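Visitor: Once you've had a glance at the structure underneath, I'll fire off some questions.
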Amino acid sequence: MVQRPPVCWRDYDGPEWGGVEWSPWMDLDADTLATAPDAPGLYRVRHQNREGLSYIGESGDTQHRIRALARRVHDSEMPFRDPHTAAPCLWAIRDDDGPGFELSYTTPEYAADDQQRKGLEAALIASYRLEAGESPPANFGRIISGYQQSSYRSGGVRGGSLNNGENEPNAELGRSPEPWVNFETVTDPNWMASDWSEPYRLADRLDADPSDVGLYRIWYEGDAPPLAYIGESSNISRRLYKHESTYGGDALFSYSSRTDLDASHKRGEVECDLIGAHYIAHGCPPRTQFGYTNQIEIS
């Protein structure tokens, strides 16, 4: 059954989006943002001349992160992709649409837990995608049409505007949001409208023979929700081989073959939809998401 998350997840530019208290919107200006707390938190960026949000992010030091972003977005040339992967795309939006960025932040107490903060970020992006029908343009390492993205600093390549009609692959449209079918039942064979395989033990992964491209989920019998992990890959078998040493042969997995996820940013978008739905349904991300493999012990 197609469902929607609770109402608080739908008002993506409102003061209580996601059930947390957001600051008022303010100019994306390093001096203006000096009043922001240096606490862990999340932030959202919008442009006055564009519909929707331009970026959703998180940080262990909100003030430092958003002030650094403000400075890079207003550089005279496109910044590198590090230390902020969204900066090149936001710079391109400013270059294309002029000044007009605004930012709002939130620093709930539980954001001090890295895993909870990153889980909330995934939930905010997933709920935004459901309402807006697309991702914020600066999430998932993308760039807007008509621009080449900078490399990482080590590559030394500054991006900028392209000739008319030219685009780079990262400007390709991403995936539309997943249908939120049975989003609370995380081991359902039709969870989030994907066609999931029957469960297999990781020790028996060779019997599954999944296609290369797609999604997978890992859990322990009698212990889900929460799931242990949600992943995406262009080579599912190889990823499962690596996971067996972490989760053990008795852990269960199922997979969903998705030939439509032919680019990294598309797989990232759908993976985020799944993690975000898991967070909204159960108040947490999968127990070992975001590198927390020390949490695989089962009570």
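Going by UniProt numbering, the sequence shown opens with residue 1, and the numbers climb by one from there.
Even glycine gets a Cβ: it sits at the ideal position worked out from N, Cα and C.
Note that the coordinates shown come from a computational prediction; the quantities given were computed from them, not determined experimentally.
Roughly how many whole angstroms lie between the Cα atoms of S299 and E221?
Guide: Here S299 scores only 48 on pLDDT, less than 50, and its place in the model is too uncertain to base an answer on.
Visitor: Within 7 angstroms: the Cβ of Y43 and any heavy atom of the ligand SAM?
Guide: With respect to small molecules bound, the structure shown includes none, and the ligand SAM cannot be examined in it.
Visitor: Count the CB pairs spanning the segment 150-165 and the segment 102-112 that are closer than 8 angstroms, and state whether there are at least three.
Guide: With a cut-off of 8 angstroms, the segment 102-112 and the segment 150-165 do not count as touching, because too few Cβ pairs lie within range.
Visitor: Quick one: residues in its chain with C-beta nearer than 8 angstroms to the C-beta of R239, no 5 flanking neighbours on either side, listed in chain order?
Guide: Y216, G231 and S233.
Visitor: Would you mind stating whether I93 and H47 have Cβ atoms separated by less than 8 angstroms?
Guide: Against a cut-off of 8 angstroms, the Cβ pair of H47 and I93 comes out as a contact.
Visitor: Which residues in the same chain as G159 place their Cβ atom closer than 7 angstroms to its Cβ, once the five residues preceding and following it in sequence are excluded?
Guide: The residues are M78, P88, Y147, Q148, Q149 and S150.
Visitor: Does the Cβ-Cβ distance between L33 and V45 come in under 8 angstroms?
Guide: Result no, Cβ atoms of L33 and V45 do not sit closer than 8 angstroms.
Visitor: Taking the beta carbon of Y241 as the centre, do at least 16 other beta carbons fall within 10 Å, making it buried, or is it exposed?
Guide: Looking at its Cβ environment, which holds fewer than 16 other Cβ atoms inside 10 Å, Y241 is exposed.
Visitor: Count Cβ pairs between the segment 282-292 and the segment 252-259 that sit closer than 8 angstroms; are there 3 or more?
Guide: Contact between the segment 282-292 and the segment 252-259 is absent, because fewer than three Cβ pairs lie under 8 angstroms.
Visitor: List, from N- to C-terminal side, the alpha helix (DSSP H) runs of 4 residues or more that fit wholly inside the segment 224-273.
Guide: Runs found: 236-247.
Visitor: Starting from I187, follow the beta strand (DSSP E) in both directions and report where the run begins and ends.
Guide: Contrary to the premise, residue 187 reads as Thr rather than Ile in this sequence. Where T187 is concerned, there is no enclosing beta strand (DSSP E), given that its DSSP letter is neither H nor E.
Visitor: So, are the CB atoms of P177 and L124 less than 8 angstroms apart?
Guide: No, Cβ-Cβ distance for P177 and L124 is not below 8 angstroms.
Visitor: Per DSSP, which residues does P216 bridge with? Please list them.
Guide: Inspection of the sequence shows that residue 216 is occupied by Tyr rather than by Pro. Answer by DSSP bridge pairing, in chain order: G231 and Y255.
Visitor: Beta strand (DSSP E) containing R46: first to last residue?
Guide: Element bounds for R46: G41 to H47.
Visitor: Jot down the residue ranges of each uninterrupted beta strand (DSSP E) in the segment 82-114, minimum 3 residues, whole runs only, in chain order.
Guide: Whole beta strand (DSSP E) segments, 3+ residues: 101-106.
Visitor: What did DSSP end up calling E201 once you bin it into helix, strand or coil?
Guide: Correcting the residue identity first, residue 201 is Arg in this sequence and not Glu. Strand.
Visitor: Nearest to F140 by CA position, among R205, G57 and P99, is which residue?
Guide: Comparing Cα-Cα distances from F140 to each of R205, G57 and P99, the minimum goes to G57.
Visitor: If you measure between the beta carbons of D61 and D38, is that distance less than 8 angstroms?
Guide: Closer than 8 angstroms, so yes.
Visitor: Using a Cβ-Cβ cutoff of less than 6 angstroms, which residues in the same chain neighbour V7 once the five nearest sequence positions on both sides are dropped?
Guide: Within the same chain, V7 has no close Cβ partners at all.
Visitor: On the DSSP bridge list, what partners appear for D27?
Guide: According to DSSP, D27 bridges with E102.
Visitor: Under the three-state reduction of DSSP, which class applies to I56: helix, strand or coil?
Guide: Reduced to three states, the DSSP call for I56 is strand.
Visitor: According to DSSP, is Y147 part of a helix, a strand, or is it coil?
Guide: DSSP places Y147 in strand when its eight states are reduced to three.
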